[in-house]
DNA sequence: CCAAAAACATGAATTCTTCTCATGTTGACG
DNA sequence: CGTCAACATGAGAAGAATTCATGTTTTTGG
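Chains as they are written, first to last, in the working numbering: chain B, -13 to 293; chain C, -13 to 293.
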């Protein structure tokens, strides 16, 4: 490949200015340099780009062809360059997020709505991680931030920033016999139907931190993708479900459900934002984390500041 | 503009090969060169393109952005380069034509149909020159070949290649009183309606070489864009028209029209292909001219070889 | 877990490219 | 037909990219 962006920009300048001399000065080179450049191009492709010894300048078909190419390519490259430049100073970037915790959707959306107008240059995306494991994806660079309650085996190069603490509650129908209890033991669930989000048990706190250690399995399991569906099923006494306290609180009034502590002292979790070490310190990343932590602790009922 | 096609190609190779060393060898440079290149890019934009000290290679969002750019741009440039290369050796090029002589359409189309399959790489176009003057357009580079019967005031840099000779005839209705004549004088047209293509009189042989020199004007003028329309009008005795002998011959059988010589010895013209000097010698140009000259002289009734 | 290998990084020297300078040619215009 | 502006060209200077030699890090296979 002989052709160079320098050549294309030169052609563009020549077309805009109408002659070599002026084009050269807008490009901040001498007329001689331009002349050499063109000669080299023409020699290389063995075809003239202009009709020589003729003024005003006239382009050959080959020249027009190259000019057309320049018109396509140069602006595209310039756009990419300026985008990259502002990536460097942290004003712009990509913030593709994934949530491991499904009910996080509920508080994340309002946070995103506040973030977006303040950082309009940031390319936002949010995925639920149904079909991939968020943390490896973060490591690979497919996503840039993961909301998780499980600072898992360090893949290396990841930073976990605590956002806030919340309590996992067991949602039961008010009609359920369990509803009268103050708190629940793992054994209480041995004859219950447990309704969860459709992910593997290891990624659900109620399994990994409550039932698992006690060696208990629920009588049945079924899944629901959306929190509303899950709440509906519980209200109809079709089963019980573990929900963060803030999520449960939203539905408590409308549906006849009740929240019970898991264990005597309750099952508390901390939610983290995981980012790659390299991204820590980028203005738009830190701004998001700060917003998520502070705003959420203020506005979500029932959550406590992290630590 | 710092970014260079070399950088984009390097990124593409790295993506294809998955590591610097192999990418370097496909690019025929050392691994060191690639490493320097990447370092320079990252320094310039002040943002990493890869996650360092990690294998397999992982791209940062910024890197992915640049890679995306490379994917768009590099193939486009490569296409343009190879097109240009084959322009150089005359196998490919642009052959935009304009005809000054309107009835030329009739013989040009079959010629083009023969030319096209033999030179599939040549970009063909044909315009009738209603709205511009073909020869200046040829000079400017807007078109590449002009069919004209008037090797006019040399603009410099144009070559006129004679194609063939033909006779201009006056088409009259068989019902017309003129139809009995062997040949026509300019004065005979003083009380006639003359039907022409819609171009200025100077570009019509019957004015510039027959009526003009004799100082005669037809009683009326009207125009028709298509030869069939023109023939129709003549057949209905709504006027007379000057037509090349080959064009007239085609309609003579169907419509009741008759062709008369203009002047005792007839009005003979030579048709030329005008090209820029630079294009003379290009394989695809010369091939077209040869085809137009030879095939037409053989197949068109009534035309004579040039000279 | 260690050693060997593969991949990557880096500084200095070299090679190559591209630019400028000085000057010669050519074309346009009065 | 002479003058001016635009373009061309060769030689040398400036600068950029590459290589070479070598050091560091990561992976892999025993």
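Glycine included, every Cβ here is placed at the ideal spot set by N, Cα and C.
Of the choices B:9, B:148, B:64, B:40, whose alpha-carbon is the least far from that of residue 276 of chain B?
-> For the purposes of this step, residue 276 of chain B is taken as residue 290 along the first chain, with counting starting at 1. Measuring from the Cα of residue 276 of chain B, the nearest candidate turns out to be B:148.
Below 7 angstroms between beta carbons: does that hold for residue 288 of chain B and residue 232 of chain B?
-> Residue numbering aside, residue 288 of chain B sits at position 302 when the first chain is read from its first letter. Residue numbering aside, residue 232 of chain B sits at position 246 when the first chain is read from its first letter. Cβ distance < 7 angstroms, so residue 288 of chain B and residue 232 of chain B count as in contact.
So, helix, strand or coil for residue 45 of chain B, using DSSP?
-> Looking up residue 45 of chain B in the first chain gives position 59. It is a strand residue.
Leaving out five residues before and five after residue 209 of chain B in sequence, what residues of the same chain have Cβ atoms less than 8 angstroms from its Cβ?
-> On the first chain, position 223 is the one that residue 209 of chain B refers to. Correct list, in chain order: 181, 182, 183, 184.
Proximity to residue 115 of chain C [Cα-Cα], best of C:284, C:157, C:134 | The count along the second chain starts at 1 and reaches residue 115 of chain C at position 129. Looking at the Cα atoms, C:134 is the closest of the given residues.
Following the continuous beta strand (DSSP E) through residue 294 of chain C, name the residue where it begins and the one where it ends.
-> In the structure as shown, chain C starts at -13 and stops at 293, and residue 294 of chain C therefore has no counterpart that could be examined.
Inspect the beta-carbon positions of residue 164 of chain B and residue 248 of chain B and report whether they are closer than 7 angstroms.
-> If you number the first chain from 1, residue 164 of chain B lands on position 178. If you number the first chain from 1, residue 248 of chain B lands on position 262. Cβ atoms of residue 164 of chain B and residue 248 of chain B: not closer than 7 angstroms.
Name the chain C residues whose beta carbon is nearer than 8 angstroms to that of residue 58 of chain B?
-> Start at 1 with the first residue of the first chain, and residue 58 of chain B comes out as number 72. Per Cβ cutoff of 8 angstroms: 62.
Residue 245 of chain C versus C:228, C:257, C:260, residue with shortest Cα-Cα distance = Taking the second chain and counting its residues from 1, one reaches residue 245 of chain C at position 259. When only C-alpha atoms are compared, the closest one is C:228.
Could you work out which residues of chain B lie near residue 123 of chain C, taking near to mean beta carbons separated by less than 8 angstroms?
-> Translated into the one-based positions of the second chain, residue 123 of chain C becomes position 137. Per Cβ cutoff of 8 angstroms: no residues; residue 123 of chain C is ~11 angstroms from chain B at best.
DSSP three-state assignment for residue 97 of chain C, whether helix, strand or coil = On the second chain, position 111 is the one that residue 97 of chain C refers to. The answer is helix: DSSP assigns residue 97 of chain C an H, G or I state.
Which same chain residues, not among the five before or five after residue 21 of chain C, have their C-beta less than 8 angstroms away from its C-beta?
-> Translated into positions along the second chain, residue 21 of chain C becomes position 35. Within the same chain, residue 21 of chain C has close Cβ partners 6.
Could you name each continuous beta strand (DSSP E) segment of 3 residues or more that falls completely within the segment 33 to 93 of chain B, going from the start of the chain to the end?
-> 79 to 85
Please check the pair residue 77 of chain C and residue 278 of chain C, which I expect to be a contact at CB under 8 angstroms, by giving their CB distance rounded to whole angstroms.
-> Translated into the one-based positions of the second chain, residue 77 of chain C becomes position 91. Translated into the one-based positions of the second chain, residue 278 of chain C becomes position 292. With 8 angstroms as the limit, residue 77 of chain C and residue 278 of chain C do not qualify as a contact, their Cβ atoms being about 19 angstroms apart.
According to DSSP, what are the bridge partners of residue 245 of chain C?
-> Start at 1 with the first residue of the second chain, and residue 245 of chain C comes out as number 259. Residue 245 of chain C pairs with C:157.
Flag residue 233 of chain B as yes if its beta-carbon sits less than 7 angstroms from any beta-carbon of chain C, otherwise no.
-> Sequence index remark: in the first chain, residue 233 of chain B carries index 247 (1-based). It does not; no Cβ of chain C falls within 7 angstroms.
Drop a sphere of 10 angstroms on the beta-carbon of residue 61 of chain C, count the other beta-carbons inside from all chains shown, and report buried for 16 or more, exposed for fewer.
-> Residue mapping note: residue 61 of chain C aligns to position 75 of the second chain, counting from 1. So residue 61 of chain C counts as exposed.
Test: residue 106 of chain C CB closer than 7 angstroms to a CB of chain B = Looking up residue 106 of chain C in the second chain gives position 120. It does not; no Cβ of chain B falls within 7 angstroms.
Are residue 110 of chain C and residue 81 of chain C close, meaning C-beta to C-beta below 7 angstroms?
-> If you number the second chain from 1, residue 110 of chain C lands on position 124. If you number the second chain from 1, residue 81 of chain C lands on position 95. Yes, the pair counts as a contact, with Cβ atoms nearer than the cut-off.
Using the rule of at least 16 other Cβ atoms within 10 Å of the residue's Cβ for burial, across every protein chain shown, is residue 267 of chain B buried or exposed?
-> Within the first chain, residue 267 of chain B is the residue found at index 281, counting from 1. Exposed, because fewer than 16 other Cβ atoms sit within 10 Å of the Cβ of residue 267 of chain B.
List the residues of chain B whose Cβ lies closer than 9 angstroms to the Cβ of residue 51 of chain C, in chain order.
-> Translated into the one-based positions of the second chain, residue 51 of chain C becomes position 65. Chain B residues near residue 51 of chain C: 66, 69, 70, 73, 80.
Report back the beta-carbon spacing between residue 43 of chain C and residue 35 of chain C to the nearest angstrom; my notes put them in contact at under 8 angstroms.
-> Taking the first residue of the second chain as 1, we reach residue 43 of chain C at position 57. Taking the first residue of the second chain as 1, we reach residue 35 of chain C at position 49. With a Cβ gap of about 10 angstroms, residue 43 of chain C and residue 35 of chain C do not count as contacting.
Contact residues within the segment 10 to 36 of chain C, judged by C-beta distance below 8 angstroms to chain B = 31, 32, 33, 34
Using 8 angstroms as the threshold, is the segment 64 to 72 of chain C in touch with the segment 50 to 66 of chain B, meaning 3 or more CB pairs across them?
-> yes
Can you give the Cα-Cα distance for residue 296 of chain C and residue 121 of chain C, rounded to whole angstroms?
-> The question about residue 296 of chain C has no answer, for chain C in this structure spans -13 to 293.
Go to residue 232 of chain B, then tell me how far its beta strand (DSSP E) extends in each direction, as first and last residue.
-> Walking along the first chain from the start, residue 232 of chain B turns up at place 246. Taken as a continuous stretch (DSSP letters only), residue 232 of chain B belongs to no beta strand (DSSP E), being part of the alpha helix (DSSP H) at 231 to 238.
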